[in-house]
Each structure stands twice: as C-alpha cells, then as structure tokens.
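Asks: Residues in the sequence shown are numbered from 18 upward in steps of one, following my numbering. For each residue, glycine too, the CB sits at the ideal point set by N, CA and C.
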Amino acid sequence: MADRAKQKSRGFTAFRSSAEEAEIKRGKQRELNEGGHMSCTSGRIVAVQDGRAQFKAIMSHGDGEPSEHLFATMAEAEAFVRRNTPRPPERDTTYDHQG
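(1) So the beta strand (DSSP E) ARG61 belongs to, where does it begin and stop?
(2) Are ALA74 and HIS86 close, meaning C-beta to C-beta below 7 Å?
(3) Rounded to a whole number of angstroms, what is the C-alpha to C-alpha distance between SER77 and GLY60?
(4) Starting from the C-beta of ALA64, find all residues in its chain whose C-beta is less than 7 Å away, skip the five residues before and the five after it, and write them out in chain order.
(5) When burial is assigned at 16 or more other CB atoms within 10 Å of the CB, is PRO105 buried or exposed?
(6) Name the residue from THR102, ASP113, GLU38 and CYS57 whose alpha carbon lies nearest to the alpha carbon of GLY79.
(7) Report yes if the C-beta distance between ALA89 and ILE62 is below 7 Å; otherwise report no.
(8) Return the CA-CA distance between ARG100 and SER84, expressed in angstroms with no decimal places.
(9) Span of the beta strand (DSSP E) holding ALA74?
(10) Which residues mark the beginning and the end of the alpha helix (DSSP H) in which GLU93 is found?
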C-alpha cells in the first residue's frame with residue numbers, strides 16, 4: 018500500500034500531448050508529400066514525345082532548381098500540380114458590378 022502512495026499516477030486522458038500531436042502532423046505531411054515537393058511555388062504541364070509518358074509536370078521551387086515528373090495522362094499531371102502548389106487567394110468580389 019505504501020508503494021502505491023509513492024508512485025505518481027498520470028491518470029487517463031483522452032488528449033494527446035503537444036509533442037504527440039506534432040509527430041502525428043509530421044507523419045501525415047510525409048504521407049501527403051510526394052518526394053519533398055510541397056515547397057513548389059508553381060508548376061506547368063507540357064506534352065512530351067516519350068514512350069513512357071505523354072505529359073511532364075515541371076515544378077518551380079523556392080531555391081530556383083526546377084524538377085520534372087512524368088505522367089501518362091493530363092489529369093494525373095494536373096492533380097499532381099494541384100497537390101504540390103499553394104492555392105491562389107480567393108478573389109475579392111466587393112467591387113464587382115454589372116456594367
């Protein structure tokens with residue numbers, strides 16, 4: 018009985034520590050990140066005459082070194098660019114009017 022009193026019980030909690038939450042977020046980012054290209058600033062798609070693929074996504078990075086990724090379809094290339102580049106800001110419609 019005396020041993021139990023000496024042990025400090027953490028108790029049960031449904032909440033995670035901030036360190037656990039950060040590790041989970043890093044793990045999810047690694048799953049979403051396709052080869053470290055989440056820092057792309059822009060991307061463009063070009064058609065190529067290659068037997069392996071018909072389209073190439075050329076991604077621009079912040080450090081200026083572009084990377085190229087081959088795809089069989091335009092839809093796959095577009096999805097890759099969407100996932101790995103920031104979304105443009107929403108357009109402000111405050112001053113829109115019919116002219």
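Replies: By the coordinates alone:
(1) For the purposes of this step, residue 61 is taken as residue 44 along the sequence shown, with counting starting at 1. It spans 57–64 - the beta strand (DSSP E) in which ARG61 sits, taken as one unbroken run.
(2) As a position in the sequence shown, residue 74 is number 57, starting the count at 1. As a position in the sequence shown, residue 86 is number 69, starting the count at 1. It is a contact, given that the beta carbons lie within the stated cut-off.
(3) Position 60 of the sequence shown, counting from 1, holds the residue named residue 77. Position 43 of the sequence shown, counting from 1, holds the residue named residue 60. Rounded to the nearest angstrom, the two C-alpha atoms are 6 Å apart.
(4) By one-based count along the sequence shown, residue 64 stands at place 47. Around ALA64: GLN71 and PHE72.
(5) The residue you call residue 105 lines up with position 88 of the sequence shown. Looking at its Cβ environment, which holds fewer than 16 other Cβ atoms inside 10 Å, PRO105 is exposed.
(6) Translated into positions along the sequence shown, residue 79 becomes position 62. GLY79 has its Cα closest to that of CYS57, out of THR102, ASP113, GLU38 and CYS57.
(7) If you number the sequence shown from 1, residue 89 lands on position 72. If you number the sequence shown from 1, residue 62 lands on position 45. No.
(8) Taking the first residue of the sequence shown as position 1, residue 100 is located at position 83. Taking the first residue of the sequence shown as position 1, residue 84 is located at position 67. Computed Cα separation, rounded: 15 Å.
(9) Taking the sequence shown and counting its residues from 1, one reaches residue 74 at position 57. Looking at the DSSP string, the run of the beta strand (DSSP E) that includes ALA74 is 72–78.
(10) Within the sequence shown, numbered from 1, the residue matching residue 93 stands at position 76. Where GLU93 is concerned, the enclosing alpha helix (DSSP H) stretches over 91–101.
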